[in-house]
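S.K.: Numbering (the working numbering), first residue to last: 538 to 841.
We treat Cβ as the ideally placed atom computed from N, Cα and C, and that holds for glycine.
So that we are looking at the same thing, I have put the structure below in structure tokens.
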Amino acid sequence: MHFNDREEIIALTPYWKGERLPDGRPKVADKYLDALKEMTLEEVWKPIFVQGYENQFVGGGKNPLQALHNDGRKLVGRAVTCNFCPTRPDLHAIMFQKGAEEGRKGNYNQWVMDSLVERDVVVADMYDKIYKGTFLGGNLTTALHARTKDGGAVIWGGVRDVEQMKQVPDVQVYYRGIDPTPIREFVMTGFNTVTNFGNAVCLPGDVVFGAGGGVLFIPAHLVADVVEGAAKTHVKDDFGFEMIAQNRFTTAQIDRNTWTEEMLDMLLDWIKTDPRGEKYRNLDWSKEYDLARNGDPNDTQTAL
């Protein structure tokens, strides 16, 4: 039993073939994190949903997450996960001793903070504990900023000192509730392992995308495809809106999963000639042309 174990992290994320951080988490390139900050929730969600990743979003419903800032800022970074359960004396003694053997200082939540690097996002399952479940307050949010620069946290539990937290620049935090009590009576059961809450699953190194009232956990090995897929969705929307306004195509045609070769030809011509298409001119549309020529099993359905 180890906390933040490099070999376990690598074993959990074998589909990632790129660079890794010192702790073993996938190191998704900064260029993809930067690109995601310019995208919408729906654009980012679609490419993973169609690949069967249907349990990656947490946000709305009867018991939604709350955002520290409601000014349109996005939360994008690499996940550092941690899990907790209610206190039990023998379990606490075992886990705290293990942390001491590994050289960890302070309380469990401070162990997590001490591990953070730039562009990290804490993803903490505090089992929806708000009273005495305040994972972050003013001090730890300041530390969060110092270590991650523009990262943040997703806490399935509580926070405190919200007025102080809001004064810390650049970070964004999602949480379940506010309470003035300090954090007490909890035990860490996992650190950088599988975390799930609110019907969403997060692995260490997943890219956290917080926007539009909720949070999406993007598997690291899919991020490059997501960024390209989201870019395609965005430019198709821009083109589609104009075609509908000009009565060139119907909404039914635009909303199909698979466009015809004629539509794709018109799209690529628009990308080449319209200033709005300039940043999309390096995208590869060969897959879309293959589907147009050979058929798509989802072609009878409208696009997601």
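What three-state label does DSSP hand THR624 in the structure shown?
M.R.: Correct three-state label for THR624: coil.
S.K.: Can the beta-carbon of PHE540 be found less than 9 Å from the beta-carbon of GLU639?
M.R.: Yes, these two residues count as a Cβ contact at 9 Å.
S.K.: What does a CB cutoff of less than 7 Å around VAL595 pick up in its chain, not counting 5 residues either side in sequence?
M.R.: The answer, listed in chain order, is LEU602, PHE734, GLY735, ASN736, ALA737, GLY751 and VAL752.
S.K.: Touching or not, the segment 655-669 and the segment 625-636, by the rule of three or more beta carbon pairs under 8 Å?
M.R.: Flag = no, the segment 655-669 and the segment 625-636 do not touch.
S.K.: For ILE516, which of THR810, ILE808, LYS809 and THR770 has the nearest alpha-carbon?
M.R.: Absent from the model: residue 516. The displayed extent of the chain is 538 to 841, so no value can be given.
S.K.: Could you give the first and the last residue of the continuous beta strand (DSSP E) run that contains ASP716?
M.R.: Run containing ASP716: none; DSSP gives neither H nor E here.
S.K.: Run through DSSP, which three-state label would THR839 get?
M.R.: The pLDDT assigned to THR839 is 49, lower than 50, so where the model puts this residue is not dependable; a value taken from the coordinates is nonetheless given after this. THR839: strand per DSSP, three-state reduction.
S.K.: If you follow the beta strand (DSSP E) that PHE728 is in, where does it begin and where does it stop?
M.R.: 723-728
S.K.: Using only the alpha-carbon positions, how far apart do GLY832 and ARG793 sit?
M.R.: 12 Å
S.K.: So, do the segment 572-585 and the segment 546-561 have three or more beta carbon pairs nearer to each other than 8 Å?
M.R.: no
S.K.: Within the continuous alpha helix (DSSP H) that includes GLY643, where are the two ends?
M.R.: Under the DSSP assignment, GLY643 falls outside any alpha helix (DSSP H); it carries neither an H nor an E label.
S.K.: Quick one: what does DSSP say GLN701 is sitting in, helix, strand or coil?
M.R.: For GLN701, the three-state secondary structure derived from DSSP is helix.
S.K.: Could you spell out where the beta strand (DSSP E) holding VAL696 opens and where it closes?
M.R.: Unbroken beta strand (DSSP E) run through VAL696: 689-696.
S.K.: Would a C-beta distance cut-off of 9 Å place TYR664 and CYS622 closer than the cut-off?
M.R.: yes
S.K.: Is the beta carbon of GLY742 less than 9 Å from the beta carbon of PRO563?
M.R.: Yes, Cβ-Cβ distance for GLY742 and PRO563 is below 9 Å.
S.K.: Using DSSP with H/G/I as helix, E/B as strand and the rest coil, what is THR671?
M.R.: strand
S.K.: Buried or exposed for ARG641, please, with buried defined as at least 16 other CB atoms from any protein chain shown within 10 angstroms of its CB.
M.R.: buried
S.K.: So what's ASP766 in DSSP terms, helix, strand or just coil?
M.R.: The sequence given here has Gly at residue 766, not Asp. Residue state, collapsed to three classes: helix.
S.K.: What do you get for GLY766, buried or exposed, if any count of 16 or more other CB atoms within 10 angstroms of its CB means buried?
M.R.: buried
S.K.: Is the shortest distance between the beta-carbon of TRP582 and the beta-carbons of chain D less than 9 Å?
M.R.: Here there is only one protein chain, and chain D is not present.
S.K.: Any heavy atom of the ligand PLP closer than 8 Å to the CB of PHE728?
M.R.: As far as ligands go, the structure on display features none, and thus does not contain the ligand PLP.
S.K.: Of all the options VAL772, THR718, ARG684 and ASP687, which has the alpha carbon lying nearest to the alpha carbon of TYR668?
M.R.: THR718
S.K.: State buried or exposed for THR839, treating a residue as buried only when at least 16 other CB atoms are found within 10 Å of its CB.
M.R.: Low per-residue confidence applies at THR839: pLDDT is 49, beneath 50, and the placement is therefore not dependable, though the value from the model is reported in the following sentence. Result: exposed.
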